[in-house]
Every structure is written in C-alpha cells, then in structure tokens.
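First comes the structure, then the notes that go with it.
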Amino acid sequence: MTTDQDFYLVLGVDPSASASQITRAYRTLIRRHHPDTRMPVRKTGQPISVRQADSSAVSGGPTR
C-alpha cells in the first residue's frame, strides 16, 4: 500500500466532510464492491474494497 493516496478522493467526499458523511460514503462504496457480489481488481492488483477499508481507517476517525 502506498501512503500518497487521497483517501477523501477514494471515498468521494470533501476533506471538510463530517464523520457521518465519511461513514456513509464508506458504507455505500463497500456495499457496492462487497466480495459477495463481485471483487473487481484495479490495475495495481489490489481489490477495491481493500483500498476503501484503508481509506476509512485513515480518514474516518473523529480526530482526522
């Protein structure tokens, strides 16, 4: 995993988004790309859901 990713861009929210907006965006995307429905892989070979989980862990905290 690289550390130069813009996790707000991955989630599709502004950096000024509230914690609830970030959570909502994360849950919407993770449902859309859940492995039980399909597991698309990006050119990097990393599943989309892994990138989203990483972005939620980094940017979704209350102390962003």
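Residue numbers (the numbering used here): 114 to 177. Glycine is no exception: its CB is placed at the ideal position from the N, C-alpha and C atoms.
Item	Value
Range of the contiguous alpha helix (DSSP H) that encloses residue 138	132 to 145
Residue 122 versus residue 147: straight-line alpha-carbon distance, rounded	19 Å
Unbroken alpha helix (DSSP H) run spanning residue 123, endpoints	120 to 124
Buried versus exposed call for residue 138 [16 or more other C-beta atoms within 10 Å across all chains shown]	buried
For residue 141 and residue 134, the rounded distance between their alpha carbons	11 Å
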